[in-house]
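Protein chains: 2
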Amino acid sequence: MTLPAQFAKRIGRMKASEIRELLKLLDQPGMLSFAGGIPDPALFPAEAFAEAFQSALTPEHQAQALQYSISEGYLPLRQWIAAHMAEMGVTCAPENVLITSGSQQALDYLGKLFLNPGDTALVGWPTYLGALAAFNAYEPRYDCLRPGDNQPPEAYAAAAEVAGGRVKFAYMSPDFANPTGVTMTRAERVAALQMAEALGAAVIEDGAYQALRFDGESVPPMLALEQEQKGGDLDACRTIYCGTFSKTLSPGLRVGWVVAATPVIQQLVLMKQAADLHSATINQIATHQVAARLFDDHVASLRAVYMRRRDAMLAALEAHMPEGVTWARPEGGMFIWLTLPEGISSATLLERALAQEQLAFVPGQAFYADGSGANTLRLSFSNSNETVIAEGMARLGRVLNSAL
Amino acid sequence: MTLPAQFAKRIGRMKASEIRELLKLLDQPGMLSFAGGIPDPALFPAEAFAEAFQSALTPEHQAQALQYSISEGYLPLRQWIAAHMAEMGVTCAPENVLITSGSQQALDYLGKLFLNPGDTALVGWPTYLGALAAFNAYEPRYDCLRPGDNQPPEAYAAAAEVAGGRVKFAYMSPDFANPTGVTMTRAERVAALQMAEALGAAVIEDGAYQALRFDGESVPPMLALEQEQKGGDLDACRTIYCGTFSKTLSPGLRVGWVVAATPVIQQLVLMKQAADLHSATINQIATHQVAARLFDDHVASLRAVYMRRRDAMLAALEAHMPEGVTWARPEGGMFIWLTLPEGISSATLLERALAQEQLAFVPGQAFYADGSGANTLRLSFSNSNETVIAEGMARLGRVLNSAL
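As you go down the protein sequences, you meet chains A and B in turn.
One point on numbering: in the UniProt record's numbering, the residue at position 80 of the first sequence is 80, and numbering is uninterrupted.
One point on numbering: in the UniProt record's numbering, the residue at position 349 of the second sequence is 349, and numbering is uninterrupted.
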């Protein structure tokens, strides 16, 4: 074990940066890691990208591909995204689309756009760690918005005011969320939209995993539901949709997007211009070419592979988890979320798992803005084949049995 | 003319975003534009990039090239940069290097790291417009640091305190600065370092054009001078060097870097992790490969071409400028800075130049944080051949003669 024991001890309240340090250390022979929420690189459409980069760098195209370009992003890609959004029920023009360097950059820019120190951001408890990391730079206060909560908007508004700011947005990832894998129902989406409306707050919809639905009935994005409510007027919508090619085509190219009302996009374009001019030109051209050529087929094949892995993990959990451990069955995405019996710390469990079983996962506490969730953990099934998953869950069962 | 006249009228105080809108509009047949500070795309090492992207996407490498990577940046590229910095007199390790999405992103991050609203940033009068745009997001006050100014540090500090903050950094581009083309002497660099030391402020050294020296004797980067002063201890240095491949290899790939003391880099790495995870993996790999293969030879050929263009512009200015117009001879870079007689507005002149001569440049006022400089303008010689430059300066002479 090259992983220092004191490292594992700190995991309970570790920051996003520390988690990423952990993930780097896990890349060791023999280690079975279900920690990283990353796509399986064997599934990247690498040949298509090789052709796309090659065609972008032919003499007739290279001057464009290697040159500065506009902050809004490459127009054909924005047109493709507008058509893609239309398939999900969102009607938008290329002027409603900004290309960002991954959806992580969109979260940073939206934090910068909305949050003054002391303002309130509504997030899930737990929620995506990277969203908390992005927003933290702007010093917000967090409050918890859980589907099904019956707290009235006035209560959120009053608490925000006491803290010296306003509720600026609700951040949610309605499909197979990182880390829980949970999907919000249509009714929950509508209720969250009503809440935001009552609060005069924006909704940041993180659609990172949306394309990876394996089964069940797909629910329209919150932006589609709101646009329908508002007679099709996108500019009247408070929902800001963040998408990415990181989970479907390639994360290493850093190409994501935002779809929102025109005034929001205009603000974000100015912000991007000042912050990094534009996302890499050639990556946008290559992504457009690959998406136009094979997006649907490629995503269908990803879904099939990842679904088998989810099923393998669910079956292995069923076989190996001791009584008292519970989990939800995700309809897509990359994650299964485990809840251990009260009093069992997943951070301590990780320490034991690393030492005894060469097994890694992410303790759940890091995903809670309030530091709760000590008895939860996240397993990723996207980057391990069925055999590895079966072996990994057997190891997890042994560690848990020895801990209970 | 499809350029609306009212557009030109607003140029005097236009923002960075508006300037970029202008640059977009200038891409018209017949228009001679010396406005954009962009490299000539005919000079991009496109074949080398095509080979580099191809080799990054072979089956054995594609998993790395298309996958998430660490926020610090691709290690071999950081190693190459460390060696490159050593050639300029800066001794650093890869741990002192952060890869950014162009040096524009470094300016944004440094603004975020240092500036609270009301803090003071010392900048040139004029200075790079994009630096002002990046810093503006963090609501600083600007004060003017001009080489040769005799204002004592106490005066800067007192003015900053009155404004409710501290002097956090001095931003300077010591070699062939955008927009003036002026190079700071060694004595001026040392004096600026002393000033920063006395103020307890950082120095942000923008080395964007540094590699493009055509003639004259090269002066070491401020970071090299400071490191020498401090007995080689980089961690004791307050200078933060921002570099980029945008002016040498390709701007469209968005690959730049920061070199600084370890604690500064560590802060910036955390910031980048939260803001966009990392710069595009494949672009870093391709940039490394191309830089390792041909950087010096390629830059030598760029210098030869751009020097001829500078010389053509200087000769044409000599031939066509009416009395009272002055300019400096830059020793490198992409720009020549003109000062018109007092009372002549370059914004009004641009309006006339666009309408009468299909000629474009950037009025100088936008580069002044205090809104002065109405009688200055920036000409870029990098993206026009000698014939076009001669014709363009003849047109400029005609417009000026009709305006005087």
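For each residue, glycine too, the CB sits at the ideal point set by N, CA and C.
Note that this is a predicted model, so its numbers are computed, not measured.
- Near chain A, meaning a CB-to-CB distance below 8 Å, no residue of the segment 197–228 of chain B qualifies.
- Looking at the DSSP output, Glu205 (chain B) shares a beta bridge with B:Met172, B:Tyr241.
- Inside the segment 120–164 of chain A, DSSP marks whole alpha helix (DSSP H) runs of 4 or more residues at positions 129–136, 153–162, from first to last along the chain.
- Considering only beta carbons, no part of the segment 156–178 of chain A lies closer than 7 Å to chain B.
- For Ile99 (chain B), the uninterrupted beta strand (DSSP E) segment begins and ends at 97–100.
- At a cut-off of 9 Å between beta-carbon atoms, Asn375 (chain A) makes no contact with chain B.
- Following the DSSP letters along the chain, one finds Val264 (chain A) inside the alpha helix (DSSP H) bounded by residues 262–276.
- In the three-state DSSP reduction, Ala93 (chain B) falls in the coil class, being neither helix nor strand.
- Taking a Cβ-Cβ threshold of 7 Å, the residues of chain A close to Asp276 (chain B) are Ser101, Gly102, Gln104, Gln105, Asp108, Arg254, in chain order.
- Non-local beta-carbon contacts of Val167 (chain A) in its own chain, meaning distances under 7 Å to residues more than five positions away in sequence, involve Thr120, Leu122, Tyr156, Ala157, Ala160, Leu199, Ala201 in chain order.
- Annotation: the continuous beta strand (DSSP E) that includes Phe335 (chain B) extends over 335–339.
- Leu107 (chain B) and Gly130 (chain B) do touch by the CB rule: their CB atoms are close to 7 Å apart, below 8 Å.
- In this structure Gly102 (chain B) is in contact with Thr244 (chain B), their Cβ atoms being roughly 6 Å apart against a cut-off of 8 Å.
- Between the segment 390–398 of chain B and the segment 350–359 of chain B, the count of C-beta pairs closer than 8 Å reaches three or more; the two stretches touch.
- Excluding the 5 residues flanking it on each side, Ala275 (chain B) has same chain C-beta neighbours closer than 8 Å at Tyr109, in chain order.
- Taking C-alpha positions only, His84 (chain B) is separated from Val299 (chain B) by approximately 13 Å.
- Three or more Cβ pairs drawn from the segment 46–54 of chain A and the segment 53–66 of chain B lie within less than 8 Å of each other, which places the two stretches in contact.
- If the five residues before and after Thr248 (chain B) are omitted, its C-beta is found closer than 6 Å to the C-beta atoms of Ala211, Val299, all from its own chain and listed in chain order.
- Residues of the segment 74–100 of chain B with a C-beta atom less than 9 Å from some C-beta of chain A are Thr100, listed in chain order.
- Taking 9 Å as the threshold, the shortest C-beta distance from Met271 (chain B) to chain A falls below it.
- DSSP places Leu77 (chain B) inside the alpha helix (DSSP H), whose first and last residues are 75–87.
- Among the residues of the segment 236–252 of chain B, those with a Cβ less than 9 Å away from any Cβ of chain A are Ser246, Leu249, Ser250, Pro251, Gly252, in the order of the chain.
- Note: Ala312 (chain A) is not bridge-paired with any residue in the DSSP secondary-structure output.
- Note that the segment 133–145 of chain A does not touch the segment 311–319 of chain B; fewer than 3 beta-carbon pairs, one per stretch, sit closer than 8 Å.
- For Thr376 (chain A), the enclosing beta strand (DSSP E) stretches over residues 376–380.
- Pro220 (chain B) carries a coil assignment under DSSP once its states are collapsed to helix, strand and coil.
- Rounded to the nearest whole angstrom, the C-alpha separation of Leu113 (chain A) and Glu386 (chain B) is 45 Å.
- Nearest to Ala224 (chain B) by C-alpha distance, out of B:Ala261, B:Pro251, B:Asn283, B:Gly216, is B:Ala261.
- In this structure, His278 (chain A) places its C-beta atom within 9 Å of the C-beta atom of Ser69 (chain A).
- The Cβ of Lys230 (chain B) sits no closer than 9 Å to any Cβ of chain A.
- What Leu350 (chain B) touches in chain A, judged by beta-carbon distance under 7 Å, is nothing: the nearest beta carbon there is about 21 Å away.
- Between the segment 89–105 of chain A and the segment 145–152 of chain A, the count of Cβ pairs shorter than 8 Å is below three; the stretches do not touch.
- For a Cβ distance threshold of 7 Å, residue set Gly252, Leu253 of chain A lies close to Ile282 (chain B), ordered along the chain.
- Ser301 (chain B) counts as exposed, since fewer than 16 other C-beta atoms from the protein chains shown sit within 10 angstroms of its C-beta.
- Residues of chain A with a Cβ closer than 7 Å to the Cβ of Tyr68 (chain B) are, in chain order, Ile38, Pro251, Gly252.
- Contacts between Pro41 (chain B) and chain A, judged by CB atoms closer than 8 Å, involve Gln62, Ala63, Gln64, Leu66, Gln67 in chain order.
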